[in-house]
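Protein chains: 2
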Amino acid sequence: MAGRGQWTRESLVDGVRSGDRRALARAITLVENADPLAYELVRDLYPTTGQAYAIGVTGPPGVGKSSLIAALLAHVRALGPTAGVISIDPSSPFSQGALLGDRIRLADHFLDPGVFIRSMGTRGHLGGLAEAALQALLLLDAAGKDLVFVETVGTGQSEVEVVGVADTVLLVLMPGSGDSIQALKAGIMEIPDVIAINKMDHPAAKTMLNEVRQVLGLDHDRVWKPPIVLTESVRGENIPELWEKLVQHRAHLERDGLLEERRRRHLAGEVFAVASSRAKQHLERAVHDDPELRRLLDAVQRRELDPLTAVKEIMEKVFKVGEGDGSRPH
Amino acid sequence: MAGRGQWTRESLVDGVRSGDRRALARAITLVENADPLAYELVRDLYPTTGQAYAIGVTGPPGVGKSSLIAALLAHVRALGPTAGVISIDPSSPFSQGALLGDRIRLADHFLDPGVFIRSMGTRGHLGGLAEAALQALLLLDAAGKDLVFVETVGTGQSEVEVVGVADTVLLVLMPGSGDSIQALKAGIMEIPDVIAINKMDHPAAKTMLNEVRQVLGLDHDRVWKPPIVLTESVRGENIPELWEKLVQHRAHLERDGLLEERRRRHLAGEVFAVASSRAKQHLERAVHDDPELRRLLDAVQRRELDPLTAVKEIMEKVFKVGEGDGSRPH
Chain Y
1 MAGRGQWTRE SLVDGVRSGD RRALARAITL VENADPLAYE LVRDLYPTTG
51 QAYAIGVTGP PGVGKSSLIA ALLAHVRALG PTAGVISIDP SSPFSQGALL
101 GDRIRLADHF LDPGVFIRSM GTRGHLGGLA EAALQALLLL DAAGKDLVFV
151 ETVGTGQSEV EVVGVADTVL LVLMPGSGDS IQALKAGIME IPDVIAINKM
201 DHPAAKTMLN EVRQVLGLDH DRVWKPPIVL TESVRGENIP ELWEKLVQHR
251 AHLERDGLLE ERRRRHLAGE VFAVASSRAK QHLERAVHDD PELRRLLDAV
301 QRRELDPLTA VKEIMEKVFK VGEGDGSRPH
Chain V
1 MAGRGQWTRE SLVDGVRSGD RRALARAITL VENADPLAYE LVRDLYPTTG
51 QAYAIGVTGP PGVGKSSLIA ALLAHVRALG PTAGVISIDP SSPFSQGALL
101 GDRIRLADHF LDPGVFIRSM GTRGHLGGLA EAALQALLLL DAAGKDLVFV
151 ETVGTGQSEV EVVGVADTVL LVLMPGSGDS IQALKAGIME IPDVIAINKM
201 DHPAAKTMLN EVRQVLGLDH DRVWKPPIVL TESVRGENIP ELWEKLVQHR
251 AHLERDGLLE ERRRRHLAGE VFAVASSRAK QHLERAVHDD PELRRLLDAV
301 QRRELDPLTA VKEIMEKVFK VGEGDGSRPH
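For the record, the sequence lines run as chains Y and V. Take the first sequence: its position 182, counting from 1, is numbered 182 in the working numbering, and each next residue is one higher. Take the second sequence: its position 297, counting from 1, is numbered 297 in the working numbering, and each next residue is one higher.
Okay, structure coming up:
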């Protein structure tokens, strides 16, 4: 083991492979900072990844995603598997300092060598959330974690990029999550694999359960019918049942050869998402650094140059993408 | 006026300028189809735009955004101004065929020559929602509409690109919109300029009002305190009050010189959003069309090539963006 600041690429690769917590912590910090060494680490470790099972945990802020993960960890660890948690939810107690119930549950796990928990900031990360989440997941995978929970806030479409790394997507709702129900109903939010309705003691929990059932019932064509579990994460109620549903979904994917297909699709999607993020950031930097491109924006603002002509000129200058690559057919 | 299929660039420009409905309809269809002619039209018309006031109407599906716009139109038209509506919400009754109440209200407006209503599909549009919304807005602006409502579904961040064309953003919620309240509270949803809580007859409307007040009260630093109006759009209740708040926000922006600044920022944001969308679509097409790039994805899926190296190779090949432009500092 190396001390702070003494990590080399080799010692980090070895450290992550052996599941060393400090190596993992350092590696994920490198990911957060978009350090070139993070890229090299992931490249070195990639061939041995693909062993961890990734569970994406999404849902609106405040529904108890973090405490549900904490409760699932307690249950899962008693069964044996090791686990990692990556929280990319800016509103998560994992990230911000937890409320009493969460703090107690989380504290247990922070002391458990079989669990690695990490919140991630990605402000200004060139490849965006998608890249940071993917790299962190691959590191935890390489570190031999059997399970990785990826927590993201999601109330619509924007979490998709991050959920795109998950084998199984768990959507967490609570009584009062009317907007999410409407979004599911309108087809704007993708149907998840498993749904937990947390805070089951709330008088409106049963109403929410019926609403979710009704929405899911509209879709007769799905082979996998997303199960719905009422949970109370602080007291750990129905956590074994929820875990069982997650296990069943995994078994369904593995039995029908769908896991491999889903992972293929997701990896391709991640490559696109990361490349798109990079293209966007590259664009913003280029315009920021180039007075000529900034002048284009000024002309747009004076209504002397229309916005789409400005876009064309920027695309040509920054990406060497000209006519015939743009809106016109080849 | 020209018949179907007989439009030329000149006749379309003239037709849009004079507010001819068929010319507008044809022009927006060209926008939807990403036809090069749409680009030329907007370029020709751009110098005379900037006269319309754009109100973005956002919120989760099912809260009654469309019927609220219909009610606002009835109120506004009686006062004189002409108006356009662009609906980019796949769950909107403007797009899909309205329920009884909406249908009656909408039918009135379809017959009013001072109102132009259009829903837009943007599937496969190279520049995405941002580009289509911007072009449609500019066309309605050039057609002399005093007001343009841009309706988009929004439960989180993803609607931002479209709302980015709006001078004033109206967020519509309803009793049960708990997820949106949480998203506002967590700072994940941007604070709008005006909030309507629709379906005010619902017993939980007052509770929702208090929750929204509480969330907004946390932010003491804002000069403009977003007003909250309880509405009932089907019966038209409190619609004049809501309109008054929208007018007040506009006056606030104009009085303090903020409108010009906001429009400058928005136009720059739109140029970036459109360019990013184009870059993404260009990327996807390039990978789709190029067997060598597809082989990169296959290698990633076989875990022979790590995803970020694949991203780098794709960026180099597609955008000629190499080392030094990527994650490494210059």
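Where a beta carbon is used, it is the ideal one built from N, C-alpha and C, also for glycine. Here the structure is a predicted model, which is why all the values come from computation and not from measurement.
Between L137 of chain Y and chain V, the shortest Cβ-Cβ separation is not below 8 angstroms. Annotation: Cβ neighbours of Q301 of chain V in chain Y (cutoff 7 angstroms, chain order): R264 and L267. Bounds of the beta strand (DSSP E) holding R118 of chain Y are V115 to S119. V:I117 is the residue among V:I117, V:V31, V:Y46 and V:A34 whose C-alpha sits nearest the C-alpha of I69 of chain V. Nearest in C-alpha terms to D35 of chain V, of all of V:I86, V:A136, V:D112 and V:H109, is V:A136. In the DSSP assignment, V274 of chain V falls within the unbroken alpha helix (DSSP H) covering L258 to D289. Any Cβ of chain Y closer than 8 angstroms to the Cβ of K317 of chain V would place that residue at the interface, and such an atom is absent. Considering only beta carbons, the part of the stretch 38 to 70 of chain Y lying closer than 9 angstroms to chain V consists of A38, Y39, V42, R43, D44, L45, Y46, P47, T48, T49, G50, G59, P60, P61, G62 and V63, in chain order. DSSP places T8 of chain V outside both helix and strand once states are collapsed to three, so it counts as coil. Y:Q301 is the residue among Y:G15, Y:T309, Y:Q301 and Y:V172 whose C-alpha sits nearest the C-alpha of H266 of chain V. For L173 of chain V, the secondary structure class from DSSP, reduced to helix, strand or coil, is strand. According to the DSSP assignment, A25 of chain V belongs to the alpha helix (DSSP H) that extends over R21 to E32.
At a cut-off of 8 angstroms, the C-beta of A196 of chain V has no neighbouring C-beta in chain Y. G62 of chain V is not bridged by DSSP to any residue. S18 of chain Y sits exposed, since fewer than 16 C-beta atoms from the chains shown fall within 10 Å of its C-beta. The criterion of a C-beta distance shorter than 8 angstroms is not satisfied by I239 of chain Y and L111 of chain Y. Here E237 of chain V is bridged, per DSSP, to V:E232. Residue state for S67 of chain Y is assigned as helix, using DSSP reduced to three classes. Partner residues in the beta bridge of A196 of chain V, as assigned by DSSP, are V:V172 and V:V229. The beta carbons of I188 of chain Y and V153 of chain V sit about 6 angstroms from each other, so the pair counts as a contact at 8 angstroms. For the stretch 176 to 187 of chain V, residues whose beta-carbon sits nearer than 9 angstroms to a beta-carbon of chain Y comprise G176, S177, G178, D179, S180, I181, Q182, A183, K185, A186 and G187. Under the Cβ criterion of 8 angstroms, H282 of chain V is counted among the residues facing chain Y. Per DSSP, G178 of chain Y is one residue of the alpha helix (DSSP H) stretching across G178 to K185. Between V212 of chain Y and I197 of chain Y the beta-carbon gap is near 7 angstroms, inside 8 angstroms, which marks them as a contact.
If you keep only unbroken alpha helix (DSSP H) runs of at least 4 residues inside the stretch 291 to 315 of chain V, you get 291 to 301. Apart from sequence neighbours up to five positions away, the residues of its chain that approach H202 of chain Y with a beta-carbon distance below 6 angstroms are P175, ordered along the chain.
Listed along chain V, the residues sitting closer than 7 angstroms to D306 of chain Y by beta-carbon distance are V42, R43 and Y46. Closer than 8 angstroms at the C-beta level to chain Y, one finds no residue of the stretch 216 to 231 of chain V.
The secondary-structure analysis by DSSP pairs G84 of chain V across a beta bridge with V:F116 and V:V148. Contact with chain Y is absent for V115 of chain V, since none of that chain's Cβ atoms lies less than 8 angstroms from the residue's Cβ. The shortest C-alpha to C-alpha distance from E237 of chain Y to any of Y:E292, Y:M200, Y:I314 and Y:D290 is the one to Y:M200.
The contact set of F272 of chain V on chain Y, defined by CB atoms closer than 7 angstroms, consists of L283 and E284 in chain order. Taking 8 angstroms as the CB threshold, K320 of chain V lines the interface with chain Y.
Just measuring C-alpha positions, the residue of Y:H288, Y:A279 and Y:L171 sitting nearest K245 of chain Y is Y:L171. The C-alpha of E241 of chain V lies about 34 angstroms from the C-alpha of L45 of chain V.
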